[in-house]
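*Asks:*
Residue numbers (the numbering used here): -3 to 101.
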């Protein structure tokens, strides 16, 4: 796994499937415009969904294949990204979130 950071909106959750285990990746909050405390390990509840429901939906999209997944908790949309950390960034950009870092010559 890469140590490269991926900045994404709060309503997106990154999940990694390894073997039979699902790892919910809870990063730090970069910006919180509301000032309200944000739970680190149970962010799904803010959006009225549970980890169990998320795992069920991830199985539906491709049978729980190992790799990285992205969940839009707000809109209840589920995406398989791929086997590499960078695949998450590519999926976010495909969804219109983020951009490549500019190169300086």
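We put the CB at the ideal spot given by N, CA and C, even for glycine. None of these values were measured; they are calculated from a predicted model.
#1: How many Å lie between residue 82 and residue 88 at the Cα?
#2: Determine whether the beta carbon atoms of residue 64 and residue 10 lie at a separation below 8 angstroms.
#3: Taking 8 angstroms as the threshold (C-beta atoms), are residue 66 and residue 84 in contact?
#4: Have a look at residue 21 and residue 30 and give me their C-alpha separation to the nearest angstrom.
#5: Taking just the CA atoms, how far does residue 45 sit from residue 55?
#6: For the beta strand (DSSP E) holding residue 47, just list the boundary residues, first then last.
#7: How many Å lie between residue 8 and residue 15 at the Cα?
#8: Assign residue 19 to buried or exposed, taking buried as 16 or more other Cβ atoms, counted over all protein chains shown, within 10 Å of its Cβ.
#9: Quick one: what does DSSP say residue 103 is sitting in, helix, strand or coil?
*Replies:* A quick look at the data gives this:
#1: In the chain shown, the residue the question calls residue 82 occupies position 86. In the chain shown, the residue the question calls residue 88 occupies position 92. Using only the alpha carbons, I get a separation of about 10 angstroms.
#2: Position 68 of the chain shown holds residue 64. Position 14 of the chain shown holds residue 10. Result yes, Cβ atoms of residue 64 and residue 10 sit closer than 8 angstroms.
#3: As a first step, residue 84 is located in the chain shown; it is residue number 88 there, counting from the start. As a first step, residue 66 is located in the chain shown; it is residue number 70 there, counting from the start. Yes, they are a contact pair.
#4: Taking the first residue of the chain shown as 1, we reach residue 21 at position 25. Taking the first residue of the chain shown as 1, we reach residue 30 at position 34. Taking the Cα positions, residue 21 is about 22 angstroms away from residue 30.
#5: Counting from one through the chain shown, the residue named residue 55 turns up at place 59. Counting from one through the chain shown, the residue named residue 45 turns up at place 49. Straight-line Cα distance between these residues: approximately 16 angstroms.
#6: The residue labelled residue 47 in the question sits at position 51 within the chain shown. Premise fails: residue 47 lies in the alpha helix (DSSP H), 47 to 58, not in any beta strand (DSSP E).
#7: Taking the chain shown and counting its residues from 1, one reaches residue 8 at position 12. Taking the chain shown and counting its residues from 1, one reaches residue 15 at position 19. If you take the alpha carbons of residue 8 and residue 15, they lie about 23 angstroms apart.
#8: Taking the first residue of the chain shown as position 1, residue 19 is located at position 23. Exposed.
#9: With the chain represented from -3 up to 101, any question about residue 103 goes unanswered, as that position is not in the structure.
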